[in-house]
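Numbering (the numbering used here), first residue to last: 21 to 352.
Positions of the beta carbon are idealized from the N, C-alpha and C atoms, including for glycine.
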């Protein structure tokens, strides 16, 4: 009977509540995004016991500013110390992630790398079916979970997505940044089929749109507008309702219209969508939205061997990059 109690759902629930085991982390990177990772790790009771950054002087300052262990002077020393870690977190520049991942991977530990992981999906293939995850933190926004739940109740819908990036970044920015929104498309709608890709104008770098179908042949239109002064947005229409994510951190649910009659100042009738409900993504001061929830799920995967629900696997990360490659081949 002691074994049955130990395996029961009741026991696991209270074990999670009372146990305060600190999981050990090997942390690589000291850039702008790194402090947010450190803060969320601490909240979820991870302990950074091993740290490395290429610039030792900068690393020392980072350690002091973020109250973590002093950095290893060499990467070889870092790897040797890392044998006792439960998790590695790699948050260096995208182009350098795989270099460090290759050296850490033989330790057979859980690893989280910053999105998108690489610019060349082929470099990630060897890490498929492994303990490596990619940090697409927006999947963990409470408002996207809610939007997905609502969509599951409606088989038919139409979606319009507006994306914008600075043109001086070139097409590379689609892999580095726009891919985050495209990952949300797969998260919300499942597998997608490209119907057409249309360019505006004949120049190499120009606006374009993508027409997609999900498995139920619902139409999803992605408009990519360079330098446009707009918020990135996802608008989903079904029945007489609109799920509006604009900006991405805010969910508004609208239905029908309020009709405003002409007035002395405005001489025409106006139709204003009725706002039913709106909410922003949950976040705390000095926290990146989704980071805390992402590390909470990762902790459960490591400590209790739970199945990942929202974490992005390497296979999914590869699919994201392949999808972008298809788009770029059509527009370049």
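Quick check on this structure: which residue in the options has the alpha carbon closest to the alpha carbon of residue i?
i           : options               : result
residue 350 : 313, 218, 233 and 304 : 218
residue 187 : 292, 249, 42 and 286  : 249
residue 121 : 209, 303, 170 and 46  : 46
residue 66  : 57, 42 and 53         : 42
residue 176 : 237, 202, 199 and 134 : 237
residue 204 : 228, 48, 160 and 245  : 160
residue 165 : 322, 85, 58 and 313   : 313
residue 254 : 240, 82, 152 and 309  : 240
Look up residue i in the DSSP assignment and say whether it is helix, strand or coil.
i           : result
residue 178 : strand
residue 276 : strand
residue 204 : helix
residue 253 : strand
residue 170 : helix
residue 83  : helix
residue 125 : helix
residue 269 : coil
residue 148 : coil
residue 187 : helix
Where does residue i land, buried or exposed, given buried means 16+ other C-beta within 10 angstroms?
i           : result
residue 271 : buried
residue 137 : buried
residue 276 : exposed
residue 23  : Confidence in residue 23 is poor, its pLDDT being 48 and thus under 50, which makes the residue's placement unreliable; the coordinate value appears in the next sentence. Looking at its Cβ environment, which holds fewer than 16 other Cβ atoms inside 10 Å, residue 23 is exposed.
residue 129 : buried
residue 334 : buried
residue 338 : buried
residue 169 : exposed
residue 172 : exposed
residue 352 : exposed
residue 304 : exposed
residue 115 : exposed
residue 324 : exposed
With a Cβ-Cβ cutoff of 8 Å, do residue i and residue j count as a contact?
i           : j           : result
residue 92  : residue 70  : yes
residue 262 : residue 274 : yes
residue 194 : residue 111 : no
residue 134 : residue 53  : yes
For the beta strand (DSSP E) holding residue i, just list the boundary residues, first then last.
i           : result
residue 155 : 152-155
residue 109 : 107-110
residue 4   : It is not possible to answer for residue 4, since the shown part of the chain is limited to 21 through 352.
residue 294 : 290-300
Could you spell out where the alpha helix (DSSP H) holding residue i opens and where it closes?
i           : result
residue 161 : Note, residue 161: premise wrong, no alpha helix (DSSP H); not H, not E.
residue 60  : 54-63
residue 238 : Careful: residue 238 lies outside any alpha helix (DSSP H) and carries neither H nor E.
residue 314 : 311-324
residue 337 : 334-351
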